[in-house]
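*Asks:*
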Amino acid sequence: MSIQYFAKDRTFYLSGGDVSYVMHVTPEGNLMHLYWGKRVTDGAIIPRIDCYPEGASFDKPAQHQPWEIPTHIGGWYGQAAVGAVNEMGDDLTELKVVSHEIYPGKRELTGLPATYVEKDGEAESLEILLQDALTGLSVTAVYSVYAETGVITRSLRLTNEGKADLQITGLLAASVPLYGREYDVVHLKGAWARERRVARQSVGQGEYRIFSQRGASGHEANPFIALCEKSATEFAGEVWSMNFVYSGSFLAGAHVDNNDNTRLYMGMNPDTFRWLLQRGETLQSPEAVLVYSDAGMNGMSQKYHALYRTRLVRGAWRDKTRPVLINNWEGTYFDFNEEKILEIARRAADIGVELFVLDDGWFGRRNSDNCSLGDWVENPEKLPHGITGLAERINALGLKFGLWFEPEMISPDSDLYRAHPDWCLHAEGRERVQSRQQLILDMSREEVQDYVIEAVSRVLRGANIEYVKWDMNRNMTESFSQGRDPRRQLETQHRYMLGLYRVMEKITSDFPEVLFESCSGGGGRFDAGMLYYMPQTWTSDDTDAVERLCLQYGTSYVYPASAMGAHVSAVPNHQTGRVTGMRMRGEVAMGGNFGFELDLSKLSAEDIEIARQLVCEVKQAREITGKGVFTRLISPFEGSHAAWQFVSPEGDQALLCVYQVLCRPNTPPFRVRMKGLIPGAIYEDEAGNRYTGDVLMNMGLWMALKGDFTSRVVRLKRAN
Ligand code: DGJ
Numbered sequence: 004m005s006i007q008y009f010a011k012d013r014t015f016y017l018s019g020g021d022v023s024y025v026m027h028v029t030p031e032g033n034l035m036h037l038y039w040g041k042r043v044t045d046g047a048i049i050p051r052i053d054c055y056p057e058g059a060s061f062d063k064p065a066q067h068q069p070w071e072i073p074t075h076i077g078g079w080y081g082q083a084a085v086g087a088v089n090e091m092g093d094d095l096t097e098l099k100v101v102s103h104e105i106y107p108g109k110r111e112l113t114g115l116p117a118t119y120v121e122k123d124g125e126a127e128s129l130e131i132l133l134q135d136a137l138t139g140l141s142v143t144a145v146y147s148v149y150a151e152t153g154v155i156t157r158s159l160r161l162t163n164e165g166k167a168d169l170q171i172t173g174l175l176a177a178s179v180p181l182y183g184r185e186y187d188v189v190h191l192k193g194a195w196a197r198e199r200r201v202a203r204q205s206v207g208q209g210e211y212r213i214f215s216q217r218g219a220s221g222h223e224a225n226p227f228i229a230l231c232e233k234s235a236t237e238f239a240g241e242v243w244s245m246n247f248v249y250s251g252s253f254l255a256g257a258h259v260d261n262n263d264n265t266r267l268y269m270g271m272n273p274d275t276f277r278w279l280l281q282r283g284e285t286l287q288s289p290e291a292v293l294v295y296s297d298a299g300m301n302g303m304s305q306k307y308h309a310l311y312r313t314r315l316v317r318g319a320w321r322d323k324t325r326p327v328l329i330n331n332w333e334g335t336y337f338d339f340n341e342e343k344i345l346e347i348a349r350r351a352a353d354i355g356v357e358l359f360v361l362d363d364g365w366f367g368r369r370n371s372d373n374c375s376l377g378d379w380v381e382n383p384e385k386l387p388h389g390i391t392g393l394a395e396r397i398n399a400l401g402l403k404f405g406l407w408f409e410p411e412m413i414s415p416d417s418d419l420y421r422a423h424p425d426w427c428l429h430a431e432g433r434e435r436v437q438s439r440q441q442l443i444l445d446m447s448r449e450e451v452q453d454y455v456i457e458a459v460s461r462v463l464r465g466a467n468i469e470y471v472k473w474d475m476n477r478n479m480t481e482s483f484s485q486g487r488d489p490r491r492q493l494e495t496q497h498r499y500m501l502g503l504y505r506v507m508e509k510i511t512s513d514f515p516e517v518l519f520e521s522c523s524g525g526g527g528r529f530d531a532g533m534l535y536y537m538p539q540t541w542t543s544d545d546t547d548a549v550e551r552l553c554l555q556y557g558t559s560y561v562y563p564a565s566a567m568g569a570h571v572s573a574v575p576n577h578q579t580g581r582v583t584g585m586r587m588r589g590e591v592a593m594g595g596n597f598g599f600e601l602d603l604s605k606l607s608a609e610d611i612e613i614a615r616q617l618v619c620e621v622k623q624a625r626e627i628t629g630k631g632v633f634t635r636l637i638s639p640f641e642g643s644h645a646a647w648q649f650v651s652p653e654g655d656q657a658l659l660c661v662y663q664v665l666c667r668p669n670t671p672p673f674r675v676r677m678k679g680l681i682p683g684a685i686y687e688d689e690a691g692n693r694y695t696g697d698v699l700m701n702m703g704l705w706m707a708l709k710g711d712f713t714s715r716v717v718r719l720k721r722a723n
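This is the structure we're talking about:
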């Protein structure tokens, strides 16, 4: 059993794999956090005061107490997990445990993305019901623990069972106190084309917050935060982390109080979230995924990867290898016609590419980024045979056909805007601020959702489209909705997300065989919420191979390689101007869902041959890169080298990928020690060299790479 309640001590134990999460109900009915970390014997923690973080007390004031759901009552001075303003105008909420329920499996979160189980035995769940007697607010804390890994999911469900309306001003999915303050905080910072850079710093008294108010999880921060021991490395040390299964604005933080205790939290951003909870209504928070590891950052990442690849991503493409694609964006931008597209596709088919993706510019009068979003009808000047005819011609070349959309947007210069100027997010009397000459459709409105569902579905029904790139190229500014009750205007961002999730659920389930890839100005919405609907995400608009080392390395902290779109583009690179060789570009892109994004007709004969060879290699490797265990070996953030590896689930095959950015003269070879192989097994590389697993892991392989921007991929197969 993964979850137990010990009535004598009034303690809950959530145990799975090597992890325990323990809570205690005090004699007064308060729910307190006791422990989250390496597994302890179920029932073994006696909830005495010395089991609480230093400075904690069973007595008021509340500040140093290890609340499981902190609220503003009795002197809690940190971020409230539940903020509820009542009819008296105060937000005091005193939650007392009423009952609990333990059940096998894991229930869905209505209208929200969430991790799932296929069999009840995979996880067990606990719902603890708490109530505030004065306002009638009931809060259900929902936990699931995955039996094998000890990954814990946590959300809150609020129901107004009182007599008056409540204004919800704060809602965290999880907030967990840890002992002491000897931690570093780790997160993924960034910007457009520089997404998900690993950031790590010491925490001290005060609060370290990462957040988005942009209405998308964003380029700037990712909804991921971790605390780790100061000595933790990629391979060793304790890590406590949270990731939000949500694609909108969020707030995450590490708060060190004046007694040197640290609290980690994740949830809705109170600056962009309010909710009027009327009598009888329920509000469900998105889910946070809590991963503990005592095997460093890789240990943490591997738990996220396994869970997200198999129990977050859904649908026909979850377990299938992904097609090698070519996308025309960097090859042509808006300047294309059918002939040019077919020429690129012909050359792509010749080197073994399997899918052609037509990017932005195929609809309305869109020859630049200043018009036509919303008018999802093909441009006959560019495509005389329409999308249907183009798809047929691409299919005749032996390629699947895929199409780009940006369904959440509306250009002021569009037929849609002329017909429905009120359909964009805006505030009366304020400027409708444009970004990339576009506004955002108000997806919080059902009629707008229905329009988007029909507009996209009509195109998908009309042609043999087997892949969709779902883009979203600006953040929210005036996130308000025409005609909404003023008391509900600050609900708009969350209502937008709920509307978007409804649209995505409908379209992806109506077209179950289509492979969907989400995108947001590159990787501006690379999050677990999107992965629930679309199994892969465009990692970044930066396609430079050197930058991609950092991008893919950082992204892998949470998200599996099978989620990352990774393309080989032209040189000089359009974002950095850097010139790298075709082989290195290919061997970097091999670490994700491989594709090309260039005009193949402009490549030299030599590069075409390398590209052809790369496609063969990718097809051989993609089963392991898609489903194997990924381990980061050398960080590109720390020097001129980078390395990572994939090992097949059975341990009988491995792919070691090593990269050198700049070469220095007269430097000794460097050693790369592999991980996760079978010690006594014999592995053979392509040159016929044989090594035992323990030699590869303990002594390692010596690498001597010559030249800037070089790479080496070693393919190992078990030989005994
Ligand atoms: C941003 C995406 O990240 C690019 O790949 C491309 O699809 C453009 N949008 C098209 O406008």
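For the sequence shown, the working numbering assigns the number 4 to the initial residue and increments by one for each residue that follows. Here a beta-carbon is modelled for each residue, glycine too, at the ideal position from N, C-alpha and C.
#1: From this set, S252, E341, A47 and Y182, which residue's C-alpha is nearest S215's C-alpha?
#2: Note down the Cα distance separating L328 from G595, rounded to an integer number of angstroms.
#3: Let me check you understand the geometry: is the CB of G193 closer than 6 Å to at least one non-hydrogen atom of the ligand DGJ?
#4: When DSSP builds the beta bridges, which residues end up paired with M269?
#5: Just how far apart, CA to CA, sit T29 and A176?
#6: Counting only beta-carbon atoms, is G299 nearer than 7 Å to chain B?
#7: Can you tell me whether DSSP reads Q656 as helix, strand or coil?
#8: Quick check: does the Cβ of D12 come within less than 6 Å of any heavy atom belonging to the ligand DGJ?
#9: Taking only three categories from DSSP, how would you classify A566?
#10: Check for me: the alpha helix (DSSP H) holding D513 runs from which residue to which?
#11: Along the chain, where does the beta strand (DSSP E) containing L617 start, and where does it finish?
#12: Could you check which residue in S375, D513 and V360 has the C-alpha nearest to that of G367?
#13: Just verifying my parser: in three-state terms, what is the DSSP assignment at D362?
#14: Using a Cβ-Cβ cut-off of 8 Å (strictly less than) and excluding sequence neighbours within five positions of Y470, which residues of its own chain qualify?
#15: The ligand DGJ heavy atoms versus the CB of W365: any closer than 6 Å?
#16: In whole angstroms, give me the CA-to-CA distance for R349 and E612.
#17: Classify W473 as helix, strand or coil using the three-state DSSP reduction.
#18: If we count Cβ pairs, one from each stretch, closer than 8 Å, do we get three or more for the stretch 99-113 versus the stretch 130-149?
#19: Would you mind working out which of D363, T546 and S158 sits nearest P575, comparing C-alpha positions?
#20: Give the range of the beta strand (DSSP E) segment to which H429 is assigned.
#21: What are the start and end residues of the alpha helix (DSSP H) that includes Q539?
#22: Spatial neighbours of L293 within its chain, please: CB distance less than 8 Å, with the 5 preceding and 5 following residues excluded, ordered by chain position.
#23: Taking all protein chains shown into account, do 16 or more other C-beta atoms lie within 10 angstroms of the C-beta of S371, making it buried, or fewer, making it exposed?
#24: Quick check: the stretch 583-597 against the stretch 329-345, are there 3 or more CB pairs under 8 Å?
#25: For I347, does the count of other Cβ atoms within 10 angstroms reach 16, so buried, or fall short, so exposed?
#26: Can you have a look at H258 and say buried or exposed, based on whether 16 or more other CB atoms are within 10 angstroms of its CB?
#27: Measure from the alpha carbon of P682 to the alpha carbon of each residue in T542, E689 and Y694, then state which is nearest.
#28: Let's test the definition: count the other Cβ atoms within 10 Å of the Cβ of R321 and tell me whether it reaches 16, buried, or not, exposed.
#29: Taking the CB atoms as reference points, tell me whether V201 and F514 lie closer together than 7 Å.
#30: Is any heavy atom in the ligand DGJ found nearer than 6 Å to the beta carbon of W379?
#31: Determine, using beta-carbon pairs with one atom in the stretch 625-637 and one in the stretch 684-700, whether at least three such pairs fall under 8 Å.
#32: Tell me H36's beta-bridge partners as DSSP assigns them.
#33: Report back the beta-carbon spacing between G715 and M702 to the nearest angstrom; my notes put them in contact at under 8 Å.
#34: How far does the alpha helix (DSSP H) with D453 in it extend, from its first residue to its last?
#35: Contact defined as beta carbons within less than 8 Å: I believe E290 pairs with D168. What is the distance between those atoms, to the nearest angstrom?
#36: Assuming the contact rule is C-beta atoms closer than 8 Å, Q281 and N467 should be a hit. Round their C-beta distance to whole Å, please.
*Replies:* Judging by the given coordinates:
#1: Your numbering for residue 215 matches position 212 in the sequence shown. For the residues S252, E341, A47 and Y182, the minimum Cα distance to S215 belongs to S252.
#2: Along the sequence shown, one-based indexing puts residue 328 at 325. Along the sequence shown, one-based indexing puts residue 595 at 592. If you take the alpha carbons of L328 and G595, they lie about 12 Å apart.
#3: For this step, residue 193 is matched to residue 190 along the sequence shown. Flag unset: Cβ of G193 not near the ligand DGJ.
#4: Counting from one through the sequence shown, the residue named residue 269 turns up at place 266. Note: M269 sits in a beta bridge opposite A177 and A255.
#5: For the purposes of this step, residue 29 is identified with residue 26 of the sequence shown, where counting begins at 1. For the purposes of this step, residue 176 is identified with residue 173 of the sequence shown, where counting begins at 1. So the alpha carbons of these two residues sit roughly 22 Å apart.
#6: Reference to chain B is not applicable here, since this structure consists of a single protein chain.
#7: Indexing the sequence shown from 1 puts residue 656 at position 653. The answer is strand: DSSP assigns Q656 an E or B state.
#8: In the sequence shown, counting from the first residue as 1, residue 12 sits at position 9. Outside the cutoff, so no.
#9: Looking up residue 566 in the sequence shown gives position 563. In the structure shown, A566 sits in a helix (DSSP, three-state: H, G or I).
#10: To locate residue 513, count along the sequence shown from 1; it is residue 510. Run containing D513: T495 to D513, per the alpha helix (DSSP H) assignment.
#11: Position 614 of the sequence shown holds residue 617. Not the beta strand (DSSP E): L617 falls in the alpha helix (DSSP H), residues A608 to K630.
#12: Position 364 of the sequence shown holds residue 367. Of the listed residues, the one whose Cα sits closest to G367 is S375.
#13: The count along the sequence shown starts at 1 and reaches residue 362 at position 359. Looking at D362 - three-state DSSP - the assignment turns out to be coil, as it is neither helix nor strand.
#14: Taking the first residue of the sequence shown as 1, we reach residue 470 at position 467. P326, L328, L358, V360, K403, F404, G405, L406, V517, L518, F519 and E520, listed in sequence order.
#15: By 1-based counting over the sequence shown, the position of residue 365 is 362. No, Cβ of W365 sits at least 6 Å from all heavy atoms of the ligand DGJ.
#16: For the purposes of this step, residue 349 is identified with residue 346 of the sequence shown, where counting begins at 1. For the purposes of this step, residue 612 is identified with residue 609 of the sequence shown, where counting begins at 1. Roughly 15 Å between the two C-alpha positions.
#17: Sequence index remark: in the sequence shown, residue 473 carries index 470 (1-based). Three-state DSSP puts W473 in a strand.
#18: Counting Cβ pairs under 8 Å, three or more are found: they touch.
#19: In the sequence shown, counting from the first residue as 1, residue 575 sits at position 572. Nearest option by C-alpha distance: T546.
#20: In the sequence shown, the residue the question calls residue 429 occupies position 426. Membership of H429 in any beta strand (DSSP E) is not indicated, and neither H nor E is assigned to it by DSSP.
#21: What you label residue 539 is simply residue 536 of the sequence shown in a count that begins at 1. Per DSSP, Q539 belongs to no alpha helix (DSSP H); it is in the beta strand (DSSP E), Q539 to W541.
#22: Locating residue 293 in the sequence shown gives position 290, where the first residue counts as 1. Taken in chain order, the residues that qualify are Y24, W39, V154, I155, T156, R157, A177, V179, W243, S244 and M245.
#23: For the purposes of this step, residue 371 is taken as the residue at position 368 of the sequence shown. By the neighbour-count rule (16 or more Cβ atoms within 10 Å), S371 is not buried but exposed.
#24: no
#25: Sequence index remark: in the sequence shown, residue 347 carries index 344 (1-based). The Cβ neighbour count for I347, taken over all protein chains shown within 10 Å, is at least 16; the residue is labelled buried.
#26: Working through the sequence shown from its first residue, we reach residue 258 at position 255. It is buried - the Cβ of H258 has at least 16 other Cβ atoms within 10 Å.
#27: As a first step, residue 682 is located in the sequence shown; it is residue number 679 there, counting from the start. If we check each option's Cα against that of P682, Y694 comes out closest.
#28: In the sequence shown, counting from the first residue as 1, residue 321 sits at position 318. With fewer than 16 Cβ atoms within 10 Å of its Cβ, R321 is classed as exposed.
#29: To locate residue 201, count along the sequence shown from 1; it is residue 198. To locate residue 514, count along the sequence shown from 1; it is residue 511. No.
#30: Translated into positions along the sequence shown, residue 379 becomes position 376. The answer is no for W379.
#31: no
#32: Walking along the sequence shown from the start, residue 36 turns up at place 33. DSSP, once it has assigned bridges, lists M26 as partnering H36.
#33: Looking up residue 715 in the sequence shown gives position 712. Looking up residue 702 in the sequence shown gives position 699. It is Arg, not Gly, that sits at residue 715 in the sequence shown. With 8 Å as the limit, R715 and M702 do not qualify as a contact, their Cβ atoms being about 17 Å apart.
#34: Within the sequence shown, the letter at position 450 stands for residue 453. Start and end: E449 to G465.
#35: As a first step, residue 290 must be located in the sequence shown, where it is residue number 287. As a first step, residue 168 must be located in the sequence shown, where it is residue number 165. That pair is no contact at about 26 Å.
#36: Stepping through the sequence shown from its first residue, residue 281 is reached at position 278. Stepping through the sequence shown from its first residue, residue 467 is reached at position 464. Between N467 and Q281 the Cβ distance is about 47 Å, and since that is not below 8 Å, they are no contact.
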